[in-house]
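This report refers to the structure that appears directly beneath it.
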Amino acid sequence: MSKIIRVKFKKEGDMIYISHLDLQRLLQRAFRRAEINLSHSQGFNPHPKMSYGNALALGTESQGEYVDIEIEEDDLSVEEFLNKVSIQLPDGIDFIKAKEIDRQTPSLSSVIDYGRIFV
Numbered sequence: 110m111s112k113i114i115r116v117k118f119k120k121e122g123d124m125i126y127i128s129h130l131d132l133q134r135l136l137q138r139a140f141r142r143a144e145i146n147l148s149h150s151q152g153f154n155p156h157p158k159m160s161y162g163n164a165l166a167l168g169t170e171s172q173g174e175y176v177d178i179e180i181e182e183d184d185l186s187v188e189e190f191l192n193k194v195s196i197q198l199p200d201g202i203d204f205i206k207a208k209e210i211d212r213q214t215p216s217l218s219s220v221i222d223y224g225r226i227f228v
């Protein structure tokens with residue numbers, strides 16, 4: 110059985126110049142290097158089951174972006190997950206916190222009402 114982990118992360122430094130699609134690929138590679146067994150969609154072209162919050166404009170630093178990640182490993186604790194993945198992330202991308210959520214938890218797009226931008 111799989112479980113879903115909701116991760117809060119920040120993006121700063123040179124990583125603010127990475128696009129949202131490149132960020133998705135970067136995180137997928139980090140999970141692969143950390144040997145995290147992600148759940149995949151069914152069908153002709155399976156992809157990892159990951160759900161992101163709203164995309165930020167290129168060049169925007171963030172202190173709180175979110176991603177939901179479905180993993181196949183039930184015995185992996187959230188702390189182990191954070192430790193394994195954090196060492197695989199480049200400078201400028203940091204996982205701040207994570208928690209396991211159940212399937213009835215509302216999606217990120219329905220939970221996030223607004224973003225605060227400082228100039």
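If you're matching positions, the sequence shown starts at 110 in my numbering and goes up one per residue.
Quick reminder that beta carbons are idealized off the backbone N, C-alpha and C, glycines included.
Leaving aside the five residues before and after Q201 along the sequence, list all residues of the same chain whose C-beta is less than 8 Å from its C-beta, in chain order.
One point to set straight first is that residue 201 is Gly, not Gln, in the sequence displayed. Closer than 8 Å at Cβ, skipping near neighbours: K120, E121, G122, D123, M124, I125.
Using 8 Å as the threshold, is the stretch 144 to 159 in touch with the stretch 175 to 182, meaning 3 or more CB pairs across them?
With the cut-off at 8 Å, the stretch 144 to 159 and the stretch 175 to 182 touch.
Determine the burial state of F227: buried for a count of at least 16 other Cβ atoms within 10 Å of its Cβ, exposed for fewer.
F227 should be labelled exposed.
On the criterion of 16 or more Cβ atoms from any shown chain inside 10 Å, does E174 qualify as buried, or is it exposed?
It is buried - the Cβ of E174 has at least 16 other Cβ atoms within 10 Å.
Taking the Cβ atom as the reference point for each residue, do A166 and F190 lie within a distance shorter than 9 Å?
No, these two residues do not count as a Cβ contact at 9 Å.
Where do the ends of the alpha helix (DSSP H) carrying E188 lie?
Where E188 is concerned, the enclosing alpha helix (DSSP H) stretches over 187 to 195.
What does I178 pair with, by DSSP beta-bridge criteria?
Partner(s): I114, M159.
Taking F204 as the reference, which of Q213, D184, N192, I210 has the closest Cα?
That would be N192, whose Cα lies nearest to the Cα of F204.
Would DSSP call G173 helix, strand or coil?
Three-state DSSP puts G173 in a strand.
Please say whether G168 and I261 have beta carbons closer to each other than 9 Å?
Because the chain is modelled from 110 through 228, residue 261 falls outside the range shown and cannot be assessed.
Taking Cβ to Cβ, would you say E209 is nearer than 9 Å to V187?
In contact: E209 and V187 (Cβ atoms closer than 9 Å).
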